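Residue numbers (the working numbering): 6 to 159.
Virtual Cβ for every residue (Gly too), placed ideally from N, Cα, C.
Quick caveat: nothing in here was measured; it's all calculated off a predicted structure.
Taking it in order: structure first as structure tokens, then the write-up.
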């Protein structure tokens, strides 16, 4: 599926209808005792990040992008500085319900500046990134957290 097709489907059908795998993954996760999932969506192929999550209060954004900047009145405001591209309207209910987060400017220690290796690090959650690996493998699972709150029998 191409990025444009994904965005169109998401706008028309909403995230649940456009991504049946997400619904399936959520159901499977709940059977295992997990109520929350981390779902990463990577839009490969030249996504314009500044026109996806728009810094609509930045004069510099408009000065440097006079022909392609998203007009302030069209931006779907997330807060007092950033908003989403108008075609991402289907994501707003998730944002308003507190079920969607936008994370910008992530990196990993000592990046090697290879686009392909960086994607591999993110996609596989390898130790090289010290981000997703630490989150997924060093944090206790929800089940472990419940057990750790139990009083000791000593």
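The shortest CA-to-CA distance from residue 84 to any of 41, 57, 61 is the one to 61. Ranked by how close their Cα comes to the Cα of residue 115, the residues 72, 109, 123 have 123 in first place.
Counting along the chain, the unbroken alpha helix (DSSP H) around residue 67 starts and ends at 64-69. Residue state for residue 81 is assigned as strand, using DSSP reduced to three classes. With fewer than 16 other Cβ atoms inside 10 Å of its own Cβ, residue 69 counts as exposed. Short of 6 Å from the beta carbon of residue 118, and not among the five residues preceding or following it, lies no beta carbon of its own chain. Note that the C-beta distance between residue 105 and residue 99 is below 8 Å. Residue 52 is not a Cβ neighbour of residue 73, given a cutoff of 8 Å.
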